[in-house]
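Asker: Let me begin by handing over the structure; questions about it come next.
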Amino acid sequence: MSAKPRKRFVIGIAGSSGSGKTTFANRIIDDCRKAGIPSQMFSLDNYYQPLDHLSLQERQAYNFDHPEAIDFNLALEHLRELCQGRVIRQPVYDFTVHTRKRRAIPRRPTDLIVVEGLYALYPADLLALYDYKLFVSTGLATAILRRVERDISERGRTVENARHQILSSVLPMYETFVRPTQKNAHFSINWEGEEIPDKATEGIVRMLRDHFR
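Going by my numbering, the residue at position 66 of the sequence shown is 226; the numbering climbs one at a time, nothing skipped.
What follows is the structure in structure tokens.
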């Protein structure tokens, strides 16, 4: 008699831009893999809308911090397929030119799927797929500094571009759309400083070990 397949576990992690949610999600995945739990990241950053129809100048002015910037339909379709044990071809977003690359990456289902993104706790359809929901709360000064550093070093923005984006879209969108999703979380993690909150990751990994035992 064949063994019953283990139920997949899906965690949603949201927080402000620069909150450290990606680092926190990666820590959970690394610790779970060490514990023998096959795990993967499902980043909503891969699901920004394709903007090939716009000029580069128009793309640079685009509000990527608004929920409409995310292709939730495709993200939901792909997450459901992974949960059902199917392989997906995940888009790759090129933040230096602000649109999708032509290639896609095959992703196979794993026992643990960690959905991470600014709006991971925003749409009701996504919330319905999660077994556990987390919100990473970080002081805005720390988050903004991290955001500026990332945009300059990884996404080809100038200091002036980054500053303008923070004032015109990052902060207004956080207050209007992102921060209210904190109420959807099972647990909020207050992360100040540079060190990852070990107690929080240890508790989550312990919970997952018990689930997959």
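We treat Cβ as the ideally placed atom computed from N, Cα and C, and that holds for glycine. Being a predicted model, the structure only gives us computed values, none of them experimental.
Straight-line CA distance for K261 to Q250?
Answerer: On the sequence shown, position 101 is the one that residue 261 refers to. On the sequence shown, position 90 is the one that residue 250 refers to. Each residue's alpha carbon lies about 11 Å from the other.
Asker: For N223, which of helix, strand or coil comes out of DSSP?
Answerer: Position 63 of the sequence shown holds residue 223. Here N223 sits in coil by DSSP.
Asker: Since V274 and I173 should fall inside the 8 Å C-beta cutoff, what is the C-beta to C-beta distance between them, to a whole number of angstroms?
Answerer: Here residue 274 refers to the residue found at position 114 when the sequence shown is read from its first residue. Here residue 173 refers to the residue found at position 13 when the sequence shown is read from its first residue. Correct: roughly 6 Å between the Cβ atoms.
Asker: Below 6 Å CB to CB, which residues in the same chain sit around P283 once its five sequence neighbours on both sides are set aside?
Answerer: Reading the sequence shown from its first residue, position 123 is the one you call residue 283. These residues qualify, in order along the chain: F232.
Asker: Nearest to S176 by CA position, among D358, G363, K359 and F337, is which residue?
Answerer: Along the sequence shown, one-based indexing puts residue 176 at 16. Ranking the options by Cα distance to S176, first place goes to F337.
Asker: Name the residue from I188, M333 and Q217 whose alpha carbon lies nearest to the alpha carbon of L278.
Answerer: Position 118 of the sequence shown, counted from the first residue, corresponds to residue 278. Among I188, M333 and Q217, the Cα nearest to that of L278 belongs to M333.
Asker: When DSSP builds the beta bridges, which residues end up paired with A264?
Answerer: For this step, residue 264 is matched to residue 104 along the sequence shown. Looking at the DSSP assignment, A264 forms a beta bridge with P251.
Asker: Can you look up S328 in the DSSP assignment and give me helix, strand or coil?
Answerer: Position 168 of the sequence shown, counting from 1, holds the residue named residue 328. S328 falls in the helix class under three-state DSSP.
Asker: In the DSSP assignment, what are the bridge partners of E276?
Answerer: Working through the sequence shown from its first residue, we reach residue 276 at position 116. In DSSP, E276 forms a bridge with I173 and S203.
Asker: If you compare alpha carbons, which of Q217, F295, Q325 and G299 is closest to V154?
Answerer: No answer is possible for residue 154: it lies beyond the span of the chain, which begins at 161 and ends at 373.
Asker: Using the Cα positions of Q396 and L281, report the straight-line distance between them to the nearest angstrom.
Answerer: Residue numbering for the chain in the displayed model covers 161 to 373; residue 396 lies beyond these limits and cannot be assessed.
Asker: Quick one: residues in its chain with C-beta nearer than 7 Å to the C-beta of P210, no 5 flanking neighbours on either side, listed in chain order?
Answerer: The sequence position of residue 210 within the sequence shown is 50, counting from 1. Excluding residues up to 5 positions away in sequence, T259 and R260 lie with their Cβ nearer than 7 Å to the Cβ of P210 in the same chain.
Asker: Among the candidates L286, D358 and I312, whose CA atom is the shortest distance from the CA of A185?
Answerer: For the purposes of this step, residue 185 is taken as residue 25 along the sequence shown, with counting starting at 1. Selected option, being the one with the closest Cα: D358.
Asker: Keeping to the same chain, check which residues put their C-beta closer than 7 Å to that of V170; ignore five residues upstream and five downstream.
Answerer: Along the sequence shown, read from residue 1 onward, the residue named residue 170 stands at position 10. Here the set comprises C243, I273, V275, L289, Y290 and D291.
Asker: Going straight from the alpha carbon of L287 to that of N206, what length do you get?
Answerer: Residue numbering aside, residue 287 sits at position 127 when the sequence shown is read from its first letter. Residue numbering aside, residue 206 sits at position 46 when the sequence shown is read from its first letter. Approximately 18 Å between the Cα atoms of the pair.
Asker: Once the 5 residues before and after A195 are set aside, which same chain residues still bring their CB inside 7 Å of it?
Answerer: For the purposes of this step, residue 195 is identified with residue 35 of the sequence shown, where counting begins at 1. A distance below 7 Å between beta-carbons, with the five flanking residues on each side excluded, links A195 to the following residues of its chain, in chain order: V365 and R369.
Asker: With a 10 Å radius around its C-beta and 16 neighbouring C-beta atoms as the bar for buried, classify H346 as buried or exposed.
Answerer: In the sequence shown, residue 346 corresponds to position 186, counting from 1. Flag for H346 reads exposed.
Asker: Can you give me the Cβ contacts of P165 inside the same chain, cut-off strictly under 7 Å, excluding the 5 residues immediately before and after it?
Answerer: The count along the sequence shown starts at 1 and reaches residue 165 at position 5. Unreliable positioning characterises P165 in this predicted model, as indicated by a pLDDT of 49, which lies under 50. The coordinate reading is nonetheless provided below. Correct list: empty, nothing qualifies.
Asker: With DSSP run on the structure shown, which of helix, strand or coil describes L211?
Answerer: Translated into the one-based positions of the sequence shown, residue 211 becomes position 51. If DSSP states are grouped into helix, strand and coil, L211 belongs with coil.
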